[in-house]
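Engineer:
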């Protein structure tokens, strides 16, 4: 057994009629597996009689094809596995290690890779005014597009080129012009909030030439000749998101992808086109 969590099994985690080989980076909340004690990549204690601090919500739709149990933010499983021992993805298909850890990062024990936004949007305003204390989505994307450079006068965290934008607010962000084109590796994650990005019936909402993941977002009222919700020539992954009321003149009301497009649990009220070929029909999920 390697990189595995055993927890909350009433009759005990392991019943050993023969030897169990400890491949490393395992956690058990009792001593029945004989893992002993070891040290994780960040110095945390792993092995027997360790509480993995799994989410008390239990199995949930945390994106991906199956339900998973998330980790609490202080779980010893987080960043415990050296990168050389990391699988490439978690059970949901999310990258290991997570982007905020950078190229030298460690990954998490178990089925779930804990993702912590490194840039947090704290306003529903579409402000671009530098130094006003508001980290808007527009400013956050600009910092993500400019690694190691703060373009916001201290309003948003500095980007790394491989970023996760999260939100501390819920509601609708109505844009006053199209958002900056995503040029690097970026996840925009609305999982913990209820976020709608609205084009006001006037603007194309997003463009992507990099590697973009949209998770738990609503993209609405975009307006453009091609790809009113989003036009992507790079890699685009859409999870648990809704595209609604996006108007277009020619192709791709919700999404126009001429690059790579992956999706799961997406609700569309328009047609998605990839390289000009219909992928999903109206009102499909």
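In my numbering, the protein residues as written are 397 to 681. Beta carbons are placed, not taken as given, at the ideal position from N, Cα and C, and that holds for glycine.
In this structure, what does DSSP give as the bridge partners for residue 417?
Structural biologist: The partner list for residue 417 (beta bridge, DSSP) is empty, contrary to what the question assumes.
Engineer: The alpha helix (DSSP H) with residue 537 in it runs from where to where?
Structural biologist: 533 to 540
Engineer: Output the boundary residues of the beta strand (DSSP E) element that contains residue 443.
Structural biologist: 441 to 443
Engineer: Suppose you measure from the CA of residue 575 to the CA of residue 479; what does that come to, to the nearest Å?
Structural biologist: Rounded to the nearest angstrom, the gap between the Cα atoms of residue 575 and residue 479 is 34 angstroms.
Engineer: Does the region 545 to 552 come within contact of the region 500 to 508, defined as at least 3 CB pairs closer than 8 angstroms?
Structural biologist: Counting Cβ pairs under 8 angstroms, fewer than three are found: no touch.
Engineer: Could you tell me which residues DSSP puts in a beta bridge with residue 640?
Structural biologist: 616
Engineer: Any idea what DSSP makes of residue 481, helix, strand or coil?
Structural biologist: helix
Engineer: Write down every uninterrupted run of the beta strand (DSSP E) in the region 560 to 598 whose length is 3 residues or greater and which is fully enclosed by it, in chain order.
Structural biologist: 567 to 570, 581 to 585 and 591 to 594
Engineer: Just the C-alpha distance for residue 483 and residue 477, rounded to the nearest angstrom, thanks.
Structural biologist: 10 angstroms
Engineer: Do residue 443 and residue 422 count as a contact pair if the criterion is CB distance below 8 angstroms?
Structural biologist: yes
Engineer: Taking the CB atoms as reference points, tell me whether residue 515 and residue 540 lie closer together than 8 angstroms.
Structural biologist: yes
Engineer: Taking C-beta to C-beta, are residue 495 and residue 560 nearer than 8 angstroms?
Structural biologist: yes
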